[in-house]
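Q: Residue numbers (numbering that gives the first Met the number 0), protein chains in the order written: chain A, 0 to 386; chain B, 0 to 226. First, the structure itself, so that you have it in front of you.
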Amino acid sequence: MEILRNLYRRRLRTGLTVLGIAVGILAFTVMGGMAEKINMIIRGGEAYFSHRIAVRSNGGALRLNLLTPEDIAALRQVPGVQEVETHIMLPLDESAGFELAPRFLVGIDLPNFLRAQTWSGPEASLHVARGAWWKPGEHQVAVLGSAVARKMKLGVGDLLTTHGTRFKVVGVLEETLSVPDGWVMVDQEDARGLMVDSSDLLKSLNLASFVTNAYALVDPSQGDKITDIMASDLRRGFLLFSPQQLAKAAGQATTLLNTAILGSGVIAVIVGALSVINTMFIAVGERTREIGIKKAIGATRSDIIREFLAESTVIGFLGGFLGVGLGALVIAGINWYTRDQGTPVFILTPRLAIWGMSFAAVLGAVAGVLPALRAAKLDPVAALREL
Amino acid sequence: MLLEAEGVTKLYPMGVRALDGVSLRVGRGEFVGIMGRSGSGKSTLLHILGCLDRPSGGNVRIDGVEVTRLSDRFLPRLRLHKLGFVFQAHNLVPTLTALENVSLPLKYLRVSPRAAYEKARAALSAVGLEDRMQHLPSQLSGGQQQRAAIARALVNDPALVLADEPTGALDTQTARELLALLRRLVSERGQTFVVVTHDPLVGRQCDRVITMEDGRVKEIPESRSGD
């Protein structure tokens, strides 16, 4: 109570200090919210790729990055490969400029896709939230990622037009907060048709069957070994990415992001701590006589230190609380805006909120140390002479 | 003797000699005044007797404890258990209510909040402030503030109560009432009271008055106390 009353008595100064910390923590929360979202995409990618060796063709002289049925059959022959999942991937909207979360048209062979799902980890499986997968033999049908459905305001039964062709939406996937949210999944033959129609070269080649991406499903621990076998045994011209390589790349990206959060946290530390130190030093100066009285009564140094530290910790905590609150508002605002665009850009996770608040409280406590020590060292006789 | 000082000196930098061999003895239950002009060293003496300051030389003994030999760590504890203070004015912590101000020594004594509340309330009743317990110092008159300060000085049942110009900021009538109250309370509890003042009104209330001049005791009437 005494702490709050002391702070209330100097409410303008306290308020400004709290606001200073709040701004720092606000930056921390918003930056952290973005990092959490990107971390989640990366984690989703890691889970997805932990069981997969990604295979593409380097395209050779023609730059046709295609894999043929013979290539897929060769991949299946490699010992340790349980299944080979094939995709034809096209940008969903060829005229789209920069997209925060790019969207793709993904052509799958449904039986092949569902078999592959049983081999990949549960966290990498895709589930239909509304509607259902199409029936074998059905064409011009699509299952949408959640972000695509939201952005394009499409539901089961609606029509989606892409690459000049209409698809009937038969299902919408559960939100993964990861890459598949931006997918439109269609039958592989339909996707192949779109690709051939858009390219005279492909038309003239008259290829019977091809895909753009293949994923060899393997036991995660065998990933590197099998990738090496593929590299030495298969024909040249494959681009192979082992799960470990992808995990390493993801790890680097995560480290970079976490450094960015830490960076904004450090700015919060410097700005916030300085203003708390300043406020608390002024408070010590103003309350010299009060400290003298308390010491005369019998307060020990540690009693005085404890009182001042408690006060600066409360300032820090209030700043953290306000900062996380404002951060939540900003994040909600931006997400509301971008949700309309398809996908939330920021995620305020509980751990981020708890981190923000405890970080601010610890910051307040640390910033209070010097002023508290000065208060504790005051000579009671000199302090009592102050009026 | 409750309080004994022997050859107490206090030197400040630049050779200023604030106290120059002061010796005095105060018996248990005595009401003693220390008078003198400004700069005579009476406040310095009070600070040393109250263990707020250390002498440059000499000894001080309170209730049998040689306080001049205690380390800095033990002085706050000694003040907490054996001493009570009333200062001139602005005695109270402005952000605390009268009740919380009176509870302060008990808080530092780690008395449970419930017991502290009861004791502080009793101390405030004893000074006639039971209906002002939840008021902040700014909501109390000067006399009421000093009465709350007296309640705080007595709440930990100290053996020795020290006061520095307790009536300095009060009008004559209020000062008289306050002194009468102080006198009654300390004698009821058998406490020893030492007051620094230049107010003759205060002097007249004392059992005896020690007069100081230029850092020395000029006149010291015999202690009337038996022990």
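Even for Gly, the Cβ is constructed at its ideal location relative to N, Cα and C.
Is B/Leu79 close to chain A, meaning its C-beta is less than 8 Å from at least one C-beta of that chain?
A: Counting from 1 along the second sequence, the entry for residue 79 of chain B is found at position 80. Answer yes: the Cβ-Cβ gap between B/Leu79 and chain A drops below 8 Å somewhere.
Q: List the endpoints of the continuous alpha helix (DSSP H) containing A/Asn38.
A: Residue 38 of chain A sits at position 39 when you count from the first residue of the first sequence. Residues Arg10 to Phe48.
Q: Does the CB of A/Thr175 have a neighbour CB from chain B at under 8 Å?
A: What you label residue 175 of chain A is simply residue 176 of the first sequence in a count that begins at 1. No, its Cβ sits nowhere closer than 8 Å to a Cβ of chain B.
Q: By the three-class DSSP mapping on this structure, what secondary structure does B/Glu5 have?
A: Within the second sequence, residue 5 of chain B is the residue found at index 6, counting from 1. Correct three-state label for B/Glu5: strand.
Q: If I follow the unbroken beta strand (DSSP E) through A/Pro90, where does it start and stop?
A: Translated into the one-based positions of the first sequence, residue 90 of chain A becomes position 91. Where A/Pro90 is concerned, the enclosing beta strand (DSSP E) stretches over Glu82 to Pro90.
Q: Going along chain A, which residues have a C-beta under 9 Å from B/Asp52?
A: One-based indexing of the second sequence puts residue 52 of chain B at position 53. Near B/Asp52 (Cβ distances below 9 Å), the residues of chain A are Asp378, Pro379 and Val380.
Q: What is the DSSP secondary structure of A/Asn212, counted as helix, strand or coil?
A: Counting from 1 along the first sequence, the entry for residue 212 of chain A is found at position 213. Residue state, collapsed to three classes: strand.
Q: A/Trp133 to A/Asp70, Cα distance in whole Å?
A: As a working mapping, residue 133 of chain A is identified with position 134 in the first sequence. As a working mapping, residue 70 of chain A is identified with position 71 in the first sequence. Going by the C-alpha atoms only, they are around 27 Å apart.
Q: In the segment 135-162 of chain B, which residue ranges form an unbroken beta strand (DSSP E) of at least 3 residues, counting only runs that do not cross its ends?
A: Counting only runs of 3 or more, we get nothing.
Q: Could you work out which residue in A/Ile87, A/Phe48 and A/Gln81 is closest to A/Asn64 when comparing CA atoms only?
A: As a position in the first sequence, residue 64 of chain A is number 65, starting the count at 1. For the residues A/Ile87, A/Phe48 and A/Gln81, the minimum Cα distance to A/Asn64 belongs to A/Ile87.
Q: Give a yes or no on whether the minimum CB-CB distance between B/Val92 and chain A is below 8 Å.
A: Your numbering for residue 92 of chain B matches position 93 in the second sequence. So yes, B/Val92 belongs to the interface.
Q: Report the option in B/Gln143, B/Val193 and B/Glu212 whose CA atom is closest to the CA atom of B/Ala227.
A: No information on residue 227 of chain B is available, as it lies outside the stretch 0 to 226 that chain B covers here.
Q: Should A/Leu351 and A/Glu45 be called a contact, given that it needs their Cβ atoms to be closer than 8 Å?
A: Counting from one through the first sequence, the residue named residue 351 of chain A turns up at place 352. Counting from one through the first sequence, the residue named residue 45 of chain A turns up at place 46. Against a cut-off of 8 Å, the Cβ pair of A/Glu45 and A/Leu351 comes out as no contact.
Q: Closer than 8 Å, CB to CB, is B/Phe86 near chain A or not?
A: Locating residue 86 of chain B in the second sequence gives position 87, where the first residue counts as 1. Chain A contact via Cβ: present.
Q: Nearest to B/Val216 by alpha carbon, out of B/Gly14, B/Gly38 and B/Met13?
A: Counting from one through the second sequence, the residue named residue 216 of chain B turns up at place 217. B/Val216 has its Cα closest to that of B/Gly38, out of B/Gly14, B/Gly38 and B/Met13.
Q: For the beta strand (DSSP E) that A/Leu143 lies in, which residues bound it at each end?
A: If you number the first sequence from 1, residue 143 of chain A lands on position 144. Where A/Leu143 is concerned, the enclosing beta strand (DSSP E) stretches over Val140 to Leu143.
Q: Grab me the residues of A/Thr13's own chain with a C-beta within less than 6 Å of its C-beta, minus the 5 sequence neighbours each way, in chain order.
A: The residue you call residue 13 of chain A lines up with position 14 of the first sequence. Hits under 6 Å: Leu6.
Q: Could you tell me the alpha carbon to alpha carbon distance between A/Leu369 and A/Ala26, rounded to whole angstroms?
A: As a working note, residue 369 of chain A is residue 370 in the first sequence. As a working note, residue 26 of chain A is residue 27 in the first sequence. Looking at the two C-alpha atoms, the distance is approximately 26 Å.
Q: Quick check on B/Gly225: does DSSP put it in helix, strand or coil?
A: For the purposes of this step, residue 225 of chain B is identified with residue 226 of the second sequence, where counting begins at 1. In this prediction, B/Gly225 scores a pLDDT of 44, lower than 50, which makes its location untrustworthy; no coordinate-derived value is stated.
Q: Applying the 10 Å Cβ sphere with the 16-neighbour rule, what's the burial state of A/Met245?
A: As a first step, residue 245 of chain A is located in the first sequence; it is residue number 246 there, counting from the start. Strictly speaking, residue 245 of chain A in this sequence is Leu, with Met absent from that position. With 16 or more other Cβ atoms within 10 Å, it is buried.
Q: Taking just the CA atoms, how far does A/Phe358 sit from A/Ser269?
A: For this step, residue 269 of chain A is matched to residue 270 along the first sequence. For this step, residue 358 of chain A is matched to residue 359 along the first sequence. In the sequence on display, residue 269 of chain A carries Ile and not Ser. Whole-angstrom Cα-Cα distance: 13 Å.
Q: Closer than 7 Å, Cβ to Cβ, to anything on chain B: give me those residues from the segment 4-26 of chain A, in chain order.
A: Within the segment 4-26 of chain A, the residues whose Cβ lies closer than 7 Å to some Cβ of chain B are Arg4, Asn5 and Arg8, listed in chain order.
Q: Just by C-beta distance, which residues in the segment 98-112 of chain B are closer than 8 Å to chain A?
A: Hits within the stretch, in order: Glu99, Leu103, Pro104, Tyr107 and Leu108.
Q: On the criterion of 16 or more Cβ atoms from any shown chain inside 10 Å, does B/His46 qualify as buried, or is it exposed?
A: In the second sequence, counting from the first residue as 1, residue 46 of chain B sits at position 47. B/His46 comes out buried.
Q: In chain B, which residues lie with their C-beta within 8 Å of the C-beta of A/Gly284?
A: Against the first sequence, residue 284 of chain A aligns to sequence position 285. Per Cβ cutoff of 8 Å: no residues; A/Gly284 is ~15 Å from chain B at best.
Q: Pull up the DSSP beta-bridge partners for B/Glu65, would you.
A: In the second sequence, residue 65 of chain B corresponds to position 66, counting from 1. Answer is B/Arg60, bridged to B/Glu65.
Q: At a CB-CB cut-off below 9 Å, which residues of chain B make contact with A/Glu1?
A: The count along the first sequence starts at 1 and reaches residue 1 of chain A at position 2. Per Cβ cutoff of 9 Å: Val92, Thr94, Leu95 and Glu99.
Q: At a Cβ threshold of 8 Å, is B/Pro165 touching chain A?
A: For the purposes of this step, residue 165 of chain B is taken as residue 166 along the second sequence, with counting starting at 1. Chain A contact via Cβ: absent.
Q: So with Cβ pairs under 8 Å, would you call A/Ile292 a contact of chain B?
A: For the purposes of this step, residue 292 of chain A is identified with residue 293 of the first sequence, where counting begins at 1. With 8 Å as the cut-off, A/Ile292 counts as an interface residue toward chain B.
Q: Compare the C-beta of A/Ala298 with all C-beta atoms of chain B and state if any pair is closer than 8 Å.
A: Your numbering for residue 298 of chain A matches position 299 in the first sequence. Closer than 8 Å to some Cβ of chain B, the Cβ of A/Ala298 qualifies, so yes.
Q: Taking only the alpha-carbon atoms, compute the straight-line gap between A/Gly156 and A/Asn111 and give it to the nearest angstrom.
A: Looking up residue 156 of chain A in the first sequence gives position 157. Looking up residue 111 of chain A in the first sequence gives position 112. Going from the Cα of A/Gly156 to the Cα of A/Asn111 covers about 25 Å.
Q: Report yes or no: do three or more beta-carbon pairs, one from the segment 116-136 of chain B and one from the segment 307-319 of chain A, lie closer than 8 Å?
A: As far as the Cβ criterion goes, the segment 116-136 of chain B does not touch the segment 307-319 of chain A, which means the pair count is below three.
Q: If you follow the beta strand (DSSP E) that A/Arg51 is in, where does it begin and where does it stop?
A: Position 52 of the first sequence, counted from the start, is the residue given in the question as residue 51 of chain A. That run of the beta strand (DSSP E) goes Arg51 to Ser56.
Q: For B/Asp282, collect the residues of the same chain with a Cβ closer than 8 Å to its Cβ; drop the 5 residues on either side in sequence, then sort them by chain order.
A: Summary: the structure shown does not reach residue 282 of chain B, with chain B confined to residues 0 through 226, and so no result is reported for it.
Q: Within the same chain, show all residues whose beta-carbon is closer than 6 Å to that of B/Pro220, passing over the 5 residues directly before and after it, in chain order.
A: Taking the second sequence and counting its residues from 1, the one referred to as residue 220 of chain B is at position 221. The answer, listed in chain order, is Arg207.
Q: Counting only beta-carbon atoms, is B/Pro75 nearer than 8 Å to chain A?
A: If you number the second sequence from 1, residue 75 of chain B lands on position 76. Yes, B/Pro75 lies at the interface with chain A (some Cβ there is under 8 Å from its Cβ).
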